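Peer 1:
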Amino acid sequence: MSELSIFAPDEVELLARALFKVGAWISYAEDEEGEADDEQEMKALAACIRAVAKKHDGPGLVDDIARETLARQDQWENWAEDSFHALDECAQAVALLKSRAPASDVKNYKAALMEVAVTVAQASGEFGQYDDEDIGLFGALLGKITGAFSGLTADDAGHPMNVSAAEDEALGRLRKLLKD
């Protein structure tokens with residue numbers, strides 16, 4: 020039985036949609052490089068959601084949410100077009116989880132939202148070398164996510180490398196929202 024069974028269908032959609040939309044929102048935060056970086060960022064978004072599902076693999080809420088997001092891939096285009104309210108939806112999703120899920124699941128969901136956002140923000144700089152979503156990309160992404168910024172200094176904390184000023188500002192807004 021899925022951990023999502025404690026939620027109504029519209030609540031499940033909110034949880035899944037927020038995980039996708041936060042990545043699309045970051046992708047649209049800066050659009051100086053045009054379509055090419057958007058494609059790289061969307062590839063990174065899909066790979067990151069798969070990595071989140073794998074990272075939290077097993078019985079658990081966050082991996083169920085990530086798998087639900089993947090199962091609704093046919094809705095991603097519509098979700099992306101309506102991603103400008105992603106922070107509001109993230110806040111609603113976190114509040115919903117706080118009301119029904121253990122604190123550890125809330126913490127993991129917040130971490131997943133941040134992981135998706137940071138990965139997409141860095142996609143243009145770090146994923147541009149990959150033409151295909153192969154095991155090398157997936158493996159590198161999973162390693163990066165499980166590493167959780169261990170290589171950053173105290174001055175770098177919260178400011179990942181290879182992101183634009185607009186993306187860094189957007190990440191700051193998300194970080195502030197998730198701090199509660």
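Following the numbering used here, the numbering of the sequence shown begins with 20 at its first residue and continues without gaps. Cβ atoms here follow ideal geometry from the backbone N, Cα and C, with glycine treated the same way. Bear in mind the structure is a predicted one, so any value in this text is a computation, not a measurement.
1. For Phe-26, which of helix, strand or coil comes out of DSSP?
2. For the alpha helix (DSSP H) containing Gln-111, list its first residue and its last residue.
3. When the Cα atoms are used, what is the spatial distance from Phe-146 to Glu-22?
4. If contacts are defined as beta-carbon pairs under 8 Å, then Val-38 and Phe-26 qualify, I think. What distance do you get, rounded to the angstrom?
5. If you reduce the DSSP assignment to three classes, tell me which class Val-137 lands in.
6. Distance, Cα to Cα, Val-31 vs Ala-131?
7. How would you call Asp-101, buried or exposed, if buried means at least 16 neighbouring beta carbons within 10 angstroms?
8. Using alpha carbons as the reference points, say which of Ala-110, Gln-141 and Ser-118 lies closest to Leu-193.
9. Excluding the five sequence neighbours on either side, which residues of its own chain have a C-beta within less than 7 Å of the C-beta of Lys-40, listed in chain order?
10. Helix, strand or coil for Gly-191 per DSSP?
11. If the criterion is Cβ atoms closer than 7 Å, does the pair Glu-60 and Val-139 meet it?
12. Hey, Val-113 and Val-71 are a contact pair by Cβ (cut 8 Å); roughly how many whole angstroms apart?
13. At the level of alpha carbons, what is the spacing between Gly-48 and Leu-190?
Peer 2: Considering the structure as presented:
1. In the sequence shown, the residue the question calls residue 26 occupies position 7. Three-state result, Phe-26: coil.
2. Reading the sequence shown from its first residue, position 92 is the one you call residue 111. From DSSP, the alpha helix (DSSP H) with Gln-111 extends over 105 to 119.
3. Taking the first residue of the sequence shown as 1, we reach residue 146 at position 127. Taking the first residue of the sequence shown as 1, we reach residue 22 at position 3. Caution is warranted here: a pLDDT of 44 is assigned to Phe-146, below 50, making its placement in the model unreliable, and no coordinate value can be reported.
4. Numbered from its first residue, the sequence shown carries residue 38 at position 19. Numbered from its first residue, the sequence shown carries residue 26 at position 7. Contrary to the premise, residue 38 reads as Leu rather than Val in this sequence. Not confirmed; about 14 Å, so no contact.
5. Here residue 137 corresponds to residue number 118 of the sequence shown, with the count starting at 1. In the structure shown, Val-137 sits in a helix (DSSP, three-state: H, G or I).
6. The residue labelled residue 31 in the question sits at position 12 within the sequence shown. The residue labelled residue 131 in the question sits at position 112 within the sequence shown. Cα to Cα, the separation comes out at about 16 Å.
7. Counted from its first residue, the sequence shown places residue 101 at position 82. The residue is exposed, with fewer than 16 neighbouring Cβ atoms inside 10 Å.
8. Your numbering for residue 193 matches position 174 in the sequence shown. For Leu-193, the nearest C-alpha among the options comes from Ala-110.
9. For the purposes of this step, residue 40 is taken as residue 21 along the sequence shown, with counting starting at 1. The residues are Trp-98, Ser-102, Ala-105 and Glu-108.
10. The count along the sequence shown starts at 1 and reaches residue 191 at position 172. Residue state, collapsed to three classes: helix.
11. Residue 60 sits at position 41 when you count from the first residue of the sequence shown. Residue 139 sits at position 120 when you count from the first residue of the sequence shown. Yes, they are a contact pair.
12. Position 94 of the sequence shown holds residue 113. Position 52 of the sequence shown holds residue 71. About 15 Å separates the two Cβ atoms, so there is no contact after all.
13. Within the sequence shown, numbered from 1, the residue matching residue 48 stands at position 29. Within the sequence shown, numbered from 1, the residue matching residue 190 stands at position 171. Residue identity check: residue 48 is Ala in the sequence provided, not Gly. Roughly 10 Å between the two C-alpha positions.
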